[in-house]
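Report on the following structure.
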Amino acid sequence: MHGALGQESALTQPIPGAGRPGRLVAGLRYMRRNVSLVVGILLLLALALFVGIGHIVVDTSKSRALSVPALRPPSLQYPFGTDRQGRDLLATMVAGTPLTLRIGFIAGFLGVGMGTILGFVSAYYRGKIDTLIRSIVDIGLTVPGLLVLIIIAVSLKKTLTVNQMALIVAALAWLNPTRTIRAQVLSLRERGYVEVARLSGMSGPEIIVKELMPNLLPYLAATLVNAVSSAILASIGLEVLGLGPVDAPTLGMTLYWVNYNAALINGWWWWWLAPLVIILIVFLGLFFLTVGLDEIANPRLRRAG
Amino acid sequence: MQLAYVAKRCGVFLLIVWLAATLNFFLPRLSGQDPVREKLLQQAQLGGYVQAGIEAMTREYEQRFGLDKPLWSQYLAYLHDMSRLRFNYSISHYPRTVNEIMAEAIPWTVGLLGTTTVLSFTIGTLLGAFLAWPRAPRSLRLLMPPLWALHAIPFFLCGLILMYLLAFQLQWLPMFGGYTAGAFPALTLAFVGDVLQHAVLPALSIILVATGGWALTMRGMMVTTQGEDYVTFAEAKGLKSRTVFLRYCVRNAILPQTTALALALGQILSGAVLVEVIFAYPGIGTVLFHAIRENDHFLIQGIVFSVIVALGVATLLLDVLYPWLDPRITYRRA
Amino acid sequence: MTADVLRVRDLLVYYDTPAGAVTAVNHISCSLKAGERLGLAGESGSGKSTLALSILRLLKPPGRVAAGEVWLDDVNLMTLSEEDMRQVRLARIALIPQGSMNSLNPVMRIREQLADALQGHGVRLSKRDVAERVRDLLQWVGLRPAVADMFPHELSGGMKQRACIAIAISLRPQVIIADEPTSALDVVVQKQVMETLARLQTDLQAAVILVGHDMGLMAQFVDRLGVMYAGQLVEVSPVRDIFTQPLHPYTQMLIASLPSLEQKGTFRGIPGLPPPLRALPPGCVFHPRCPHAIERCRTAAPLFREVRPHAWAACHLL
Numbered sequence: 426m427h428g429a430l431g432q433e434s435a436l437t438q439p440i441p442g443a444g445r446p447g448r449l450v451a452g453l454r455y456m457r458r459n460v461s462l463v464v465g466i467l468l469l470l471a472l473a474l475f476v477g478i479g480h481i482v483v484d485t486s487k488s489r490a491l492s493v494p495a496l497r498p499p500s501l502q503y504p505f506g507t508d509r510q511g512r513d514l515l516a517t518m519v520a521g522t523p524l525t526l527r528i529g530f531i532a533g534f535l536g537v538g539m540g541t542i543l544g545f546v547s548a549y550y551r552g553k554i555d556t557l558i559r560s561i562v563d564i565g566l567t568v569p570g571l572l573v574l575i576i577i578a579v580s581l582k583k584t585l586t587v588n589q590m591a592l593i594v595a596a597l598a599w600l601n602p603t604r605t606i607r608a609q610v611l612s613l614r615e616r617g618y619v620e621v622a623r624l625s626g627m628s629g630p631e632i633i634v635k636e637l638m639p640n641l642l643p644y645l646a647a648t649l650v651n652a653v654s655s656a657i658l659a660s661i662g663l664e665v666l667g668l669g670p671v672d673a674p675t676l677g678m679t680l681y682w683v684n685y686n687a688a689l690i691n692g693w694w695w696w697w698l699a700p701l702v703i704i705l706i707v708f709l710g711l712f713f714l715t716v717g718l719d720e721i722a723n724p725r726l727r728r729a730g
Numbered sequence: 025m026q027l028a029y030v031a032k033r034c035g036v037f038l039l040i041v042w043l044a045a046t047l048n049f050f051l052p053r054l055s056g057q058d059p060v061r062e063k064l065l066q067q068a069q070l071g072g073y074v075q076a077g078i079e080a081m082t083r084e085y086e087q088r089f090g091l092d093k094p095l096w097s098q099y100l101a102y103l104h105d106m107s108r109l110r111f112n113y114s115i116s117h118y119p120r121t122v123n124e125i126m127a128e129a130i131p132w133t134v135g136l137l138g139t140t141t142v143l144s145f146t147i148g149t150l151l152g153a154f155l156a157w158p159r160a161p162r163s164l165r166l167l168m169p170p171l172w173a174l175h176a177i178p179f180f181l182c183g184l185i186l187m188y189l190l191a192f193q194l195q196w197l198p199m200f201g202g203y204t205a206g207a208f209p210a211l212t213l214a215f216v217g218d219v220l221q222h223a224v225l226p227a228l229s230i231i232l233v234a235t236g237g238w239a240l241t242m243r244g245m246m247v248t249t250q251g252e253d254y255v256t257f258a259e260a261k262g263l264k265s266r267t268v269f270l271r272y273c274v275r276n277a278i279l280p281q282t283t284a285l286a287l288a289l290g291q292i293l294s295g296a297v298l299v300e301v302i303f304a305y306p307g308i309g310t311v312l313f314h315a316i317r318e319n320d321h322f323l324i325q326g327i328v329f330s331v332i333v334a335l336g337v338a339t340l341l342l343d344v345l346y347p348w349l350d351p352r353i354t355y356r357r358a
Numbered sequence: 004m005t006a007d008v009l010r011v012r013d014l015l016v017y018y019d020t021p022a023g024a025v026t027a028v029n030h031i032s033c034s035l036k037a038g039e040r041l042g043l044a045g046e047s048g049s050g051k052s053t054l055a056l057s058i059l060r061l062l063k064p065p066g067r068v069a070a071g072e073v074w075l076d077d078v079n080l081m082t083l084s085e086e087d088m089r090q091v092r093l094a095r096i097a098l099i100p101q102g103s104m105n106s107l108n109p110v111m112r113i114r115e116q117l118a119d120a121l122q123g124h125g126v127r128l129s130k131r132d133v134a135e136r137v138r139d140l141l142q143w144v145g146l147r148p149a150v151a152d153m154f155p156h157e158l159s160g161g162m163k164q165r166a167c168i169a170i171a172i173s174l175r176p177q178v179i180i181a182d183e184p185t186s187a188l189d190v191v192v193q194k195q196v197m198e199t200l201a202r203l204q205t206d207l208q209a210a211v212i213l214v215g216h217d218m219g220l221m222a223q224f225v226d227r228l229g230v231m232y233a234g235q236l237v238e239v240s241p242v243r244d245i246f247t248q249p250l251h252p253y254t255q256m257l258i259a260s261l262p263s264l265e266q267k268g269t270f271r272g273i274p275g276l277p278p279p280l281r282a283l284p285p286g287c288v289f290h291p292r293c294p295h296a297i298e299r300c301r302t303a304a305p306l307f308r309e310v311r312p313h314a315w316a317a318c319h320l321l
C-alpha cells in the first residue's frame with residue numbers, strides 16, 4: 426500500500442477466518458478446547474447411568490445386611506461380590522451412590538445458597554457488614570472443618586439419617602462459597618456497567634439481579650460443583666470415622682465397614698474396590714467439571730502456549 | 025505500623041481460641057443433654073477396677089458443671105480449664121490423662137504433616153513455576169493431566185490404593201502402624217529406619233495428591249502474572265528471560281501461593297486425620313478415631329481444641345511472615 | 004535532510020481468535036527521522052498499541068507478526084535473533100508504558116528496577132557507581148533521590164510514570180515509543196510529565212513515537228501526526244496541517260469533533276462505529292461512515308500516497 430513502489434493492494438480478498446462458523450461446529454470446536462468440561466460431564470453421566478440402570482436391574486433391598494451369603498468374591502450371581510455382613514455389594518453401590526450424592530447436593534446447594542446471599546450482601550454493601558461477614562468467614566476457614574463436624578456429630582447422641590448428615594455438613598459448607606462469591610462480586614462491582622446502572626436509577630437489588638447475576642452464573646456453577654465435591658468429601662470423612670448414618674449403604678459407610686473388618690488384610694479385595702472406584706469417579710468427574718466451568722467463567726486461564 | 029498489624033493478628037488468634045473453646049462447650053449441650061456427664065455416669069456404672077477413679081471424676085465434674093450450676097458459671101469454669109490446657113482424664117483410657125495421650129501422639133502427626141506439607145508445597149510450587157516457563161520442554165506438559173487427576177482425589181483414597189499395591193501385593197512396605205509392633209522405641213538406627221519405613225506410605229498418600237494441587241495453583245498464578253503489565257515492561261527493558269521469569273513472575277506469583285497455603289492448612293489436616301485412620305498411624309488422627317468409638321468426650325474435646333489452637337498458631341506465624349514477602353502489606357491496614 | 008532512524012514497511016499483524024484471524028495492523032508503513040516527534044492517534048482498537056508492541060517484538064500469542072519489516076538504521080528488527088533483539092530493546096529502542104497503571108514490579112524497589120535494566124545490558128559498574136547512576140536518572144526526570152528506595156505502591160501516578168521514563172532513557176536510546184504515557188493522569192500532572200519528556204527528548208536527541216488519543220496533547224508535542232483507523236494509517240502530516248487542512252475524511256471529522264475554546268457549538272461526533280476487525284468492509288475501510296464515499300470506495304482500497312509535500316493520505320478523493 427505504500428507509495429514508494431507504487432503498488433496498489435486491493436483489500437478485497439477475504440481475510441482468513443472471517444465469517445461465522447455454524448453453531449454445531451462452534452460447539453464441537455469449543456468441546457475440543459474445553460476437554461475438562463467434556464470429561465467431567467461424561468464421567469458423571471456414566472455414574473448416573475450406572476445408578477439409573479442399576480435401580481431397574483438390581484434388587485436394591487439386597488443392600489441391607491444379612492440378605493445374601495457373606496464374603497462371596499465377584500461372580501455372575503454377585504457381580505461385585507458380597508461383604509461380611511451379607512450385603513450384595515452391587516446393590517449397595519447402586520443404592521448407596523445416590524445417597525452420598527444426595528448429601529453432597531443438599532449440603533452444596535444450601536451452602537452455595539447461603540454463600541451467594543452473604544457474599545453479595547457483603548461485597549455490595551461493604552462497610553461494617555462486610556467486615557463482619559469477612560471476619561467470620563476468614564476465621565471459619567482457618568478451623569479444620571472436619572473436626573468441627575466431628576464435634577457436632579458426636580454431640581448429637583442419636584444415629585443420623587442421611588438428610589441429617591446433609592444438614593450437618595451444610596453447617597460449614599457456606600464458608601468457601603461466601604468468600605469466592607464475595608471476591609467475584611467485588612471485582613464485578615468495579616466494572617463500569619454497575620456504575621452506569623446505578624446512575625440510571627436502578628435500585629440495589631435490581632442491579633444485583635439484572636446486572637451482576639448474569640455475569641456471575643458460570644462462576645456460581647463452578648462454585649456449586651466445588652461445594653458439592655467438598656460436601657461429599659466431608660460426609661465420607663465423617664462416615665469413615667464412624668459418625669455416619671450407620672444403617673445407610675452410603676459409600677463412606679461401606680468404607681467404614683471395610684476398615685472395621687480389616688478387609689484389606691483379609692484379602693477381600695472386592696469389598697473395597699467397588700466403593701473406591703465409584704468414589705474416584707465421583708471426585709474426578711466433579712473436579713473436571715469444576716475446571717471446565719472455571720474455564721467458561723474465567724477464560725483468561727486459556728493456555729498461554 | 026508493623027506492631028499494629030501483629031497485634032491485630034494476635035487478637036484474631038485469641039478470638040479463634042476462644043471460639044474453639046466455646047464451640048467445645050456449647051455444641052455438646054445443644055441437644056439439651058450433657059453427653060459428657062452421661063458418659064461418665066455410664067462408665068461409673070460399668071464397674072471394674074477403674075470404678076473408683078471414674079466416680080471421683082464424676083463427682084468433680086458435678087461439682088464444677090453440675091446441673092444446679094448456672095450455665096454461665098459452668099462456661100467460665102470451662103474457659104478457665106481450657107486456658108490452662110487442663111483437659112482432664114481420658115474416659116476410655118483412665119487413669120491416663122488426655123494430655124498424656126496427646127503428648128504421645130502429637131510428635132507422629134507433626135512429623136507426618138510437617139514433612140509432607142513442606143515437601144509437597146516446595147516440590148509442587150517449583151514444578152508449577154517450571155510448567156509455566158515458556159521454554160519448558162514439551163514433554164513436561166504431559167505431566168499435567170495425571171497431576172490434575174491425582175489432585176482431585178482425597179488423601180485417604182490414594183492411601184488405600186497405595187496400601188493395596190505396595191503393602192499388600194508387592195509387600196515392599198509395612199501396612200499399619202508407626203513402627204513394628206513390639207519394637208522398643210529407642211534412638212537407634214534400626215528403630216529410626218523402622219519408623220521411616222512405616223511413614224513412607226502415609227506420607228506418599230499425602231505428597232502425591234497435594235503436590236499436584238500446589239503445582240496447578242502455582243502454574244495458574246504464574247500464567248496470571250505473566251499477563252501483567254510489569255512483565256511486558258520488564259521484557260521491553262531487554263532483560264534476560266530468566267531474570268523476568270524469576271524476579272518478576274515467580275517472585276510475584278509466590279505471594280498468592282503462600283496465602284493459599286495458609287488457607288489450606290485446615291483442609292490438609294482434615295485429610296491427614298483420615299490418612300492416619302486408614303494406616304492406623306499412631307498420630308492424633310487414630311487417637312481421635314478411637315476416642316469417637318469410645319465416646320470419650322474429654323479426649324475428643326482436647327484433641328479438637330488443641331488442633332484448632334495449633335492451626336491458629338501456624339496461621340498466625342504465616343500471617344506475620346507475609347509482609348516480609350509482600351512489601352505492600354505493611355503499608356495497608358491488613 | 005536527516006536520515007530515517009526507523010522505517011516500518013508493510014507491517015501486517017494478526018490476532019488468532021477462535022472465530023478466525025483478526026487483522027490488527029493492516030499493511031502499515033511509516034518512517035521516523037532522527038530526533039523527530041511522531042504522534043500516532045486513533046480510537047481504542049485502531050491498532051496503535053499493537054503497532055508499538057510489534058515494533059519491539061513484544062507481541063504475545065495469540066498475536067503474531069505475519070509480514071513486514073521494521074528497519075532501525077540499517078538493521079531489520081524482524082530478522083534478528085531473540086538475543087540480538089533483547090539487546091536492541093531499551094538500548095536502542097525504549098518503551099514508555101502507561102506507568103501509572105501496573106508497569107512497575109510491585110515487590111521491587113525503584114532503584115532495583117533501574118539497576119537491573121543496566122545490568123541486563125551488560126553495564127558493569129561498582130555498587131556505588133550504580134547508585135550514582137540511579138540518582139542521576141531520577142534527578143533527570145525530576146524525582147527526588149529518596150524515591151530510589153521506595154516501592155511502586157508508595158508513589159503517586161505521576162511519580163510512577165516518571166520512574167518508567169527514567170528506566171526508558173537509562174541507556175540513551177535512539178528511539179522512544181511512548182504508549183499513552185499520560186492517559187490515567189490528571190491534567191496538571193499530564194503537563195508536567197509531557198514537559199519532562201520533551202526536555203529529555205531534546206537532551207538525548209532521540210526520536211519519539213507518541214501513541215495516544217488525546218489530540219490536544221498531540222498538538223502541543225509532536226512534529227508530525229499519523230492518524231490510524233481500523234488497523235490502517237489513513238493520514239500522516241505535519242501536525243499543524245492535520246489541524247488546519249486535514250486531508251482524509253476521517254481526520255476531518257475527527258478535527259471537527261474537537262470542542263473549541265473560542266466558540267460554542269453542538270457536539271459533533273462521527274456517526275457509526277468502527278468496523279469489527281475480523282470482518283473489515285471491502286474497499287476503503289472507512290467508506291461505510293464516510294459522508295463523501297463514491298462507488299470506487301466500495302470496491303478498491305485507496306493507495307497511501309504523498310498527496311502534498313510531506314502529507315500522506317489514503318483516499319480516492321484526493
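Residue numbers (this note's numbering), protein chains in the order written: chain A, 426 to 730; chain B, 25 to 358; chain C, 4 to 321. Just so it is clear, CB atoms sit at the ideal spot from N, CA and C, and this is done for glycine as well.
Short CB-CB distance (under 9 Å) between residue i and chain C
i, result
"G262 of chain B", "yes"
"T4 of chain B", "No information on residue 4 of chain B is available, as it lies outside the stretch 25 to 358 that chain B covers here."
Cβ-based neighbour list, residue i, same chain, cut-off 7 Å, excluding 5 preceding and 5 following
i, result
"E259 of chain B", "V268"
"D513 of chain A", "K487, S488, S492, V493, Y503 and T507"
"R175 of chain C", "L207"
"I466 of chain A", "L714"
Nearest residue (CA-CA) to residue i, options the options
i, options, result
"L320 of chain C", "C:L35, C:I99, C:P305 and C:V192", "C:P305"
"D244 of chain C", "C:D7, C:P155, C:L75 and C:A316", "C:A316"
"T185 of chain C", "C:R175, C:R227 and C:G160", "C:G160"
"C182 of chain B", "B:Q69, B:P226, B:K264 and B:F145", "B:P226"
"N108 of chain C", "B:L270, B:V301, B:R83 and B:P52", "B:L270"
"P674 of chain A", "A:L470, A:I657, A:P523 and A:L645", "A:P523"
CB contact below 9 Å: residue i versus chain B
i, result
"I113 of chain C", "no"
"H313 of chain C", "no"
"N29 of chain C", "no"
"F505 of chain A", "no"
"R165 of chain C", "no"
Status (buried if at least 16 other CB within 10 Å, exposed otherwise) for residue i
i, result
"F200 of chain B", "buried"
"F708 of chain A", "buried"
Close-in-space but distant-in-sequence residues of the same chain around residue i (CB under 8 Å, 5 per side omitted)
i, result
"I316 of chain B", "I324"
"E252 of chain B", "N276"
"E183 of chain C", "S52, Q101, V214, G215 and H216"
9 Å Cβ cutoff, residue i in contact with chain A
i, result
"V30 of chain B", "no"
"L270 of chain B", "no"
"F154 of chain B", "no"
"H175 of chain B", "yes"
"T339 of chain B", "yes"
Beta-carbon contacts of residue i that lie in its chain and below 6 Å, excluding the five residues immediately before and after
i, result
"Y102 of chain B", "F49"
"T603 of chain A", "G540, L543, G544 and V562"
"Y355 of chain B", "For Y355 of chain B, the predicted model reports a pLDDT of 42, less than 50, meaning its position is unreliable and no value from the coordinates is stated."
Within chain D, partners of residue i - CB distance below 8 Å
i, result
"T648 of chain A", "The structure shown contains no chain D; its protein chains are A, B and C."
Taking beta-carbon pairs under 9 Å, can you tell me which members of the segment 243-257 of chain B lie near chain C? Q250, G251, E252, D253, Y254, V255, T256 and F257
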